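Shown next, in C-alpha cells, is the structure this report addresses.
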Amino acid sequence: MKNQKVAHWLILFNGIYAITLLPYPVFFIFGLYSQMGSKQGGIEYWIYALLLSYPIGVLLSLFCWLFYHFGKYKTAIAVANLFLIWLVPLLTLIAWLNYY
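According to the working numbering, the sequence shown is numbered sequentially starting from 3.
Below is the structure:
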C-alpha cells in the first residue's frame, strides 16, 4: 500500500457503503409496492426515485481507488465522501414532506 492511513480510511468508507447495500433490496421492494398503489406523484415519488439512485452513488464512490493509485490522496478521500452529498436532497425532501 502506498499510503496505509488513507487506504484504511477508504476501506472503511467503502465497507460502510457496501454494508448499507445489504438492506437496499428490502427498501426497494417496499417502495415499489407503495408506488404501485399510489396514483399521486409529488414528493413521495421523488423520494422513491432518490432511493432508487442509492446504488449508483455507492458504485461511484469506488472510483476513489483510481485516485489513490495515482497518488492523489486528498482527492481519493473527497471522492469517497462525495457520496454523502446524496443525503442532502434526501433529507430535504423528507423535511419538505413533513412540513407540508
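The beta carbon of each residue, even a glycine, is placed where N, CA and C say it ideally should be. Computed from a prediction, not measured in an experiment: that's the story for all the values here.
For Asn5, three-class secondary structure by DSSP
coil
Outcome for Ala82 when other beta-carbon atoms lying within 10 angstroms are tallied against a minimum of 16
buried
Tell me where the alpha helix (DSSP H) around Ile79 begins and ends.
Tyr75 to Leu84
What do you get for Ala78, buried or exposed, if any count of 16 or more other CB atoms within 10 angstroms of its CB means buried?
buried
What are the boundary residues of the alpha helix (DSSP H) that Phe69 is part of?
Cys66 to His71
From what residue to what residue does the alpha helix (DSSP H) around Pro91 run?
Leu89 to Tyr101
Can you give the Cα-Cα distance for Leu24 and Pro57, rounded to whole angstroms?
11 angstroms
If you follow the alpha helix (DSSP H) that Ser63 is in, where does it begin and where does it stop?
Tyr56 to Ser63
For Ser63, which of Leu86, Leu53 and Ile49 has the nearest alpha-carbon?
Leu86
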